[in-house]
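Under the working numbering, the letters of the sequence shown match residues 25 to 745, in that order. Glycine included, C-beta positions come from ideal geometry on N, C-alpha and C. Below: the structure, in structure tokens.
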Amino acid sequence: ITNNVKILSSDYGIYGLGGTINYYGGTITAPEAVYGYINNVPEEYDIIKSIDDSNNEVYEIGKLQEIVSVGETTYNSLEEAISSNESGTITLLKDIAYATSEKQTINNNQNFVLDLNGHSIKLHNSEAFITNYGTFKVTDNTESQNEKIYGYAQTVIQNEGNFEMAGGTIKINQTNGNKVIYNTGEGIIKVSGGTLYSTTRTGRGDYYIIYSDNNNDINVTGGTFSLYGSNEYAYLYAIYTEAENTTINVSGGTFKHEKIGVTYMIYMKSGGNVNVSGNATSNNTNGIYLEKSGIVNISDEANLNNKENSIWFKISDSSEVNISGGTIKGRIHGNSWGAIVTLTGGNVTGGIAYCRTVDVYEGVNLEGTISACTNVNIYEGAIVTSTGNAMANCSNVNINNGTINGSIYMNAGTLNMTSGSITGKNYGIQLAGYNPITSNITGGTITATAGPGILISTKTGTLNLGEDTGGYPSTEVPTITGSTYGVKNDGGTFNFYDGILTGGTEAIIGTVTKTPDSFKVLYSEGGKVAILGIEATFEQVAKVNGVYYNDLESAMNSAININGKVELCKDITTGSSITIPAGKTVTIDMQGYSINGYTETEALFINNGTLIIQDSTNEGTNESKVKSHTGTVIVNNGTLTLGVDDGIVYTNSPNVIGKTIAIENNGTFNFFDGQIGIFDLVGDILNNEETINIPEGYKTIKLEGSNIYTLVEKTDTDTNS
């Protein structure tokens with residue numbers, strides 16, 4: 025062996041991009057002696073690496089002495105130390121360099137720790153440097169933890185046993201397809217410390233730190249994964265798995281994107297499960313990418329600070345994302361509408377797209393847009409914030425409380441809101457597009473700061489504001505406010521059943537398609553506020569002693585003053601509760617007409633005196649009703665008479681029908697004609713039935729299949745009235 029041949033350079037001594045380099049002798053002096061692989065050195069000889077006074081690498085061929093130790097014994101090569109022991113800590117004593125021909129193997133019955141001990145190993149290997157079938161750990165006992173295995177290698181460690189990266193640095197300059205660690209066979213990997221580094225020395229291609237083709241778990245509790253691309257078309261992967269049913273657990277550690285290229289924290293070609301917790305951090309281009317289905321769990325203080333997607337499913341059938349803590353700054357991308365995303369905590373700031381179901385619960389701060397998802401459910405305590413649309417093009421949206429700081433744009437499906445708040449800019453909610461859209465708003469507040477609260481911009485859009493329950497509409501909930509209009513209806517369907525609308529210009533522009541029966545839209549403040557109120561008849565609805573009145577309340581007050589009779593002239597709708605004082609007697613003659621009550625709280629009639637309800641025109645065909653659509657018809661604290669005790673019983677009129685209670689009887693009730701009942705399935709038709717007086721020879725029965733009491737004649741078998 026001679027080193028008389030001298031190669032001197034201010035850059036690279038030998039720059040090997042391909043081909044074969046056989047280094048059999050000579051001295052190479054340069055900032056980097058050899059760039060690339062060295063295929064062969066003389067048998068039983070080594071590359072002797074040193075640094076000169078100018079900080080140049082100096083390579084020569086010779087024989088190294090005492091380069092490692094195991095316990096008190098020193099060895100002249102790493103291979104000798106491995107072959108001479110079954111276990112122990114191999115401590116590096118000198119800086120060394122290796123060629124491809126110098127491969128190391130740890131057998132399945134061996135257990136070694138490689139302590140870099142402040143020294144380095146430079147590789148020029150076109151094949152795996154170490155193949156591990158046993159148990160193997162890399163560490164560095166020095167404070168700097170910067171000593172490394174570095175250089176050029178197709179693979180640094182091919183692991184088919186148990187491998188742990190606990191300290192030091194493994195850093196290789198890769199070409200397309202190179203792997204820092206190749207996990208195969210029965211290999212199991214743990215990373216608890218140190219730095220695993222991938223740098224690219226060619227442009228386009230795929231570069232891997234951990235590449236695993238088995239389905240054993242990969243566990244990361246600490247350490248750093250650094251991905252350094254030299255080309256924008258370079259794809260670099262910190263952890264890449266091929267097999268199905270693999271689980272990756274990351275409870276610590278840092279995943280870094282450096283310079284350029286597209287980097288991935290985790291890429292699972294066949295899907296699998298990922299658990300990220302603790303203080304694990306990633307700033308890669310993409311965080312977790314699953315080509316097929318899997319489950320991703322994010323918790324604790326995990327930080328996925330990704331430029332593009334933090335979680336991405338290429339095929340997401342039966343996939344799940346569960347986030348209970350941490351920060352996710354990249355998008356959650358479901359792709360094929362199969363993923364179910366459940367958010368119970370944490371900060372998600374990159375938005376969510378193309379998922380089947382998104383559930384957002386209390387404790388979650390979600391920033392960005394939920395877009396093109398099939399089902400979105402927002403629950404109490406959840407916060408969704410966006411500078412534009414908080415939700416866009418989702419099919420079925422349910423807001424069950426929570427705070428939405430941003431607009432909702434619907435182009436198909438259904439939006440249901442029972443409570444909570446929406447605050448948008450150009451609109452709170454917009455119904456648009458060509459597909460049928462229905463928005464059911466029964467509670468909450470909707471506000472737009474620079475446009476209409478709700479905008480219907482398509483003829484296929486239907487807005488149901490409130491519910492048509494048959495009761496008195498709410499004039500407080502839901503609350504819709506816009507800087508221009510409360511609701512702007514450009515050709516769609518707007519059914520106004522409850523709520524209050526306020527607009528800076530007008531409360532409503534466009535058509536109101538439907539309101540509850542007997543109610544109409546009432547405007548105030550110059551048309552800027554709209555609620556629903558009784559659609560009253562203002563001409564001669566009743567008379568007392570020949571004097572006509574335009575509303576029932578006025579007629580009743582007149583009759584109370586003179587103990588008189590109110591004769592109906594038309595069907596009447598009223599929202600007033602009327603009280604007959606003690607000592608007063610009033611008769612209401614239905615004259616074949618009906619009274620429809622929509623009182624907000626109290627009963628339609630509160631009788632503390634004497635109230636007689638009859639129908640003088642009835643000959644068995646009238647169907648006059650005193651009806652409460654909101655609750656109780658009559659609270660009777662005095663004497664109440666329904667019909668006339670004239671020996672003729674008409675069961676068709678007058679009828680007393682309540683929503684929940686027909687008559688709350690605390691006095692005397694004379695039931696001579698008509699029927700009493702409720703139209704709700706649950707409620708009290710009549711209480712204190714023992715105080716009822718009915719015509720002789722009659723009894724009361726409940727009609728089969730209904731909540732109606734009526735009078736029928738007794739038969740010979742009846743013993744009780």
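- Counting of Cβ neighbours within 10 angstroms places E90 among the exposed residues, the total staying below 16.
- Annotation: S107 is outside any beta strand (DSSP E); the continuous alpha helix (DSSP H) that includes it extends over 102 to 107.
- In this structure the stretch 208 to 217 touches the stretch 181 to 188; the number of beta carbon pairs closer than 8 Å is three or more.
- In this model, Y261 and H281 are separated by some 10 Å (Cα to Cα).
- A straight line joining the alpha-carbon of F629 with that of G721 spans about 30 Å.
- Annotation: D324 to A267 spans about 28 Å, alpha carbon to alpha carbon.
- Setting aside the 5 residues that flank it on each side, Y617 is surrounded in the same chain by L592, C593, K594, D595, I596, S648, each with a C-beta closer than 8 Å to its C-beta; the list follows chain order.
- In the same chain as Y573, and ignoring 5 residues on each side of it, the C-beta atoms closer than 8 Å to its own belong to Q564, V565, A566, K567, A579, S582, in chain order.
- Annotation for A262: the continuous beta strand (DSSP E) segment containing it runs 258 to 265.
- In this chain, A554 is not harboured by any alpha helix (DSSP H); it is covered by the beta strand (DSSP E) spanning 553 to 558.
- I584 sits in a helix when the DSSP states are folded into three classes.
- Look at A177 here: in three-state DSSP terms it is strand.
- When the Cα atoms are used, N133 and N109 turn out to be separated by approximately 10 Å.
- For the options P540, E737, A474, G570, the alpha carbon positioned closest to that of G557 is the one of P540.
- One Cα belongs to T53, the other to I31, and the distance between them is close to 6 Å.
- Rounded to the nearest whole angstrom, the CA to CA distance from L147 to K195 is 10 Å.
- When DSSP states are grouped into helix, strand and coil, E386 belongs to the coil group.
- Going by beta carbons, N239 and N269 fall inside the 8 Å limit.
- Bounds of the beta strand (DSSP E) holding S334 are 333 to 337.
- It is roughly 7 Å from the alpha-carbon of N141 to the alpha-carbon of L117.
- Taking the Cβ atoms as the reference, E404 lies roughly 4 Å from N425, within the contact range of under 8 Å.
- Residue pairing by DSSP places V82 opposite T53, S74 in a beta bridge.
- One Cα belongs to I407, the other to I284, and the distance between them is close to 34 Å.
- Counting along the chain, Y313 sits inside the beta strand (DSSP E) bounded by residues 310 to 314.
- Annotation: the stretch 656 to 697 contains the following complete segments of the beta strand (DSSP E) (minimum length 3 residues), in chain order: 656 to 660, 663 to 666, 679 to 682, 685 to 689, 692 to 695.
- Here the alpha carbons of G599 and E624 stand approximately 7 Å from one another.
- Residue environment: E68 is assigned as exposed (fewer than 16 neighbouring CB atoms within 10 Å of its CB, all protein chains considered).
- With fewer than 16 other Cβ atoms from the protein chains shown falling within 10 Å of its own Cβ, T44 counts as exposed.
- Contact check for Y509 against T529 passes: the beta carbons are separated by less than 8 Å.
- Counting other Cβ atoms within 10 Å of its Cβ, S463 reaches 16 or more and is therefore classed as buried.
- Around the CB of D697, 16 or more other CB atoms lie within 10 Å, so the residue is classed as buried.
- If you check the CB distance, G40 and V29 do not come in under 8 Å.
- DSSP places Y403 inside the beta strand (DSSP E), whose first and last residues are 399 to 403.
- If you draw a straight line from the Cα of G370 to the Cα of G350, it is about 5 Å long.
- DSSP places N200 in no beta strand (DSSP E); its state is neither H nor E.
- The three-state reading of DSSP puts L576 in helix, counting H, G and I together.
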